[in-house]
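Enquirer:
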Amino acid sequence: MVDWQLWCTANHYRVRPGAQLGQLATAFHYRRSQVVAPQKTGKGPWAAAGIAFEAVGPAVFVGWARGGEVYDCRDYGCGCGFQFVYEPGDPMGRPWPTPLIQLTATAEDQTDNVYRPLVAMIKGGALADLIPKTGEEFIRLPNDGRIDVVTSSARSRLGQPVTYVLQDETGIWTKASGMPKVADTQRRGLAGMGGRSTETTNCWDPSEESTAQLTAEATVQDIFRFHRVPPAHLSYRNKVERRQIHRFVYAGSWWVDLDAIEAEAAELLERDPAQAERFFGNRIVHGAGSWLREGLWESRKVAA
Ligand SMILES: [Zn+2]
Numbered sequence: 122m123v124d125w126q127l128w129c130t131a132n133h134y135r136v137r138p139g140a141q142l143g144q145l146a147t148a149f150h151y152r153r154s155q156v157v158a159p160q161k162t163g164k165g166p167w168a169a170a171g172i173a174f175e176a177v178g179p180a181v182f183v184g185w186a187r188g189g190e191v192y193d194c195r196d197y198g199c200g201c202g203f204q205f206v207y208e209p210g211d212p213m214g215r216p217w218p219t220p221l222i223q224l225t226a227t228a229e230d231q232t233d234n235v236y237r238p239l240v241a242m243i244k245g246g247a248l249a250d251l252i253p254k255t256g257e258e259f260i261r262l263p264n265d266g267r268i269d270v271v272t273s274s275a276r277s278r279l280g281q282p283v284t285y286v287l288q289d290e291t292g293i294w295t296k297a298s299g300m301p302k303v304a305d306t307q308r309r310g311l312a313g314m315g316g317r318s319t320e321t322t323n324c325w326d327p328s329e330e331s332t333a334q335l336t337a338e339a340t341v342q343d344i345f346r347f348h349r350v351p352p353a354h355l356s357y358r359n360k361v362e363r364r365q366i367h368r369f370v371y372a373g374s375w376w377v378d379l380d381a382i383e384a385e386a387a388e389l390l391e392r393d394p395a396q397a398e399r400f401f402g403n404r405i406v407h408g409a410g411s412w413l414r415e416g417l418w419e420s421r422k423v424a425a
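Per my numbering, the sequence shown starts with residue 122, numbered consecutively.
1. Report the residue from Trp375, Gln281, Asp269, Ala186 whose alpha carbon sits nearest the alpha carbon of glutamine 223.
2. Kindly provide the chain-ordered list of residues whose Cβ lies closer than 5 Å to any non-hydrogen atom of ligand 1.
3. I'd like the span of the alpha helix (DSSP H) that includes methionine 300, first residue to last.
4. Can you give me the Cβ contacts of arginine 346 inside the same chain, cut-off strictly under 6 Å, excluding the 5 residues immediately before and after it?
5. Based on Cα-Cα distance, which residue from Ala387, Ala176, Trp375 lies nearest to threonine 219?
6. Buried or exposed for serine 331, please, with buried defined as at least 16 other CB atoms from any protein chain shown within 10 angstroms of its CB.
7. Secondary structure at phenylalanine 369, three-state DSSP: helix, strand or coil?
8. Would the stretch 326 to 341 and the stretch 285 to 297 be scored as touching if the rule is three or more Cβ pairs under 8 Å?
9. Excluding the five sequence neighbours on either side, which residues of its own chain have a C-beta within less than 7 Å of the C-beta of aspartate 233, listed in chain order?
10. Please return the same chain residues whose Cβ sits closer than 7 Å to the Cβ of lysine 164, not counting the five positions on each side in sequence.
11. Please return the same chain residues whose Cβ sits closer than 6 Å to the Cβ of asparagine 132, not counting the five positions on each side in sequence.
12. If you check the beta carbons only, do tryptophan 217 and valine 181 fall under 8 Å apart?
13. Could you tell me which of Met122, Gly266, Ala372, Gly171 sits nearest to asparagine 403, measuring between CA atoms?
14. Does the beta-carbon of alanine 387 have 16 or more other beta-carbons within 10 angstroms, so that it is buried, or is it exposed?
15. Within a Cβ cutoff of 7 Å, which residues of the same chain sit near arginine 261, ignoring the five residues on either side of it in sequence?
16. As a quick exercise: from Arg358, Tyr197, Ala333, Ser356, pick the residue whose alpha carbon is nearest that of histidine 348.
17. Helix, strand or coil for threonine 255 per DSSP?
18. Span of the beta strand (DSSP E) holding isoleucine 268?
19. Name the two residues that bound the continuous beta strand (DSSP E) containing glutamate 338.
20. May I ask which residues mark the beginning and end of the beta strand (DSSP E) holding tyrosine 285?
21. Is it the case that the Cβ atoms of valine 183 and leucine 145 are separated by a distance below 8 Å?
22. Would you list the residues sitting across from proline 212 in a DSSP beta bridge?
Encoded structure:
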């Protein structure tokens, strides 16, 4: 993982010092996470790795080590040869007995961003042993677990006792899409199982009240939120400053070609500047179709 990915992973799995054996979601510092990052930073593969971990990795807290205890993949039917000897005070883990995971997006092609790298990771590595078959819409896991793809048109699996949920591109989970209800239902299912969830998204249009926006604006403290907002003095309309913004928001994602990002951003800027700034500049800005320009309504208010 590159720096920002590791930072998000470490925070999502940060264990509370007072965590006790038997606690599930409550063993962790955060109940859920939200990662806001621009187009092509590597959110999809990162989210796929998270799903793979929740599927067969030691995602459940099982107490603190005295030292010398061993995590051995073979105990869970995996032949990859991974072993880990715990130091005194390490949090120990084991896989979920029957993981039930949902990969959620508004539409089928949206789920590809995560599902494709997930299938590639499974087929191309040690997980092929544990997970011999990957289907189009679901992946069967050992111990009767599954990973299901859930979209707005295929909601039959909602309300299930899920152990982990990825909610992808929640910036377009608007009321009209019906997705905020899906998000609520999934969170209720997670609460019943002691499971947790992660949101990944581009920046949203603040006039749309998307799920991403509600999460970002929530006052609760038990959500880990990652959003690298570029310095306010830099203008996205200025080419030199835009370059600085890209350098800031894509830091660490070494596979990203900033010239290619600039080319795509420049083209989109001509047509839909707000979208370009959201997608590539990682800033929350109103869409071009806003009813009123920002601040106009407020400026006409008469004090009663
Ligand atoms: Zn293994």
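All C-beta atoms in this analysis are idealised placements derived from N, C-alpha and C, irrespective of residue type, glycine included.
Expert: Inspection of the coordinates gives the following:
1. If we check each option's Cα against that of glutamine 223, Asp269 comes out closest.
2. Taken from the N-terminal end onward, the list reads Cys194, Cys199, Cys201, Phe203.
3. Under the DSSP assignment, methionine 300 falls in the alpha helix (DSSP H) whose first and last residues are 300 to 314.
4. Cβ within range, chain order: Gln155.
5. For the set Ala387, Ala176, Trp375, the Cα lying nearest the Cα of threonine 219 is the one of Ala176.
6. Result: buried.
7. In the three-state reduction of the DSSP assignment, phenylalanine 369 falls in the helix class, which pools H, G and I.
8. Cβ pair count under 8 Å is three or more, so yes.
9. In its chain, beyond the 5 residues on either side, no residue has a beta carbon closer than 7 Å to the beta carbon of aspartate 233.
10. Here the set comprises Val156, Ala158, Thr321.
11. By the criterion of a C-beta distance shorter than 6 Å, asparagine 132 is surrounded in its chain by Phe345, once the five residues flanking it on both sides are discounted.
12. Their beta carbons are under 8 Å apart, which means tryptophan 217 touches valine 181 by this criterion.
13. Out of Met122, Gly266, Ala372, Gly171, Ala372 has the C-alpha closest to the C-alpha of asparagine 403.
14. Flag for alanine 387 reads exposed.
15. The answer, listed in chain order, is Lys254, Arg267.
16. Looking at the Cα atoms, Ala333 is the closest of the given residues.
17. Threonine 255 carries a coil assignment under DSSP once its states are collapsed to helix, strand and coil.
18. Taken as a continuous stretch (DSSP letters only), the beta strand (DSSP E) holding isoleucine 268 covers 267 to 271.
19. Per DSSP, glutamate 338 is not a residue of any beta strand (DSSP E); the alpha helix (DSSP H) it occupies stretches across 332 to 338.
20. Where tyrosine 285 is concerned, the enclosing beta strand (DSSP E) starts and stops at 285 to 289.
21. The answer is no: Cβ separation not under 8 Å.
22. DSSP output for proline 212 lists Trp185 as bridge partner(s).
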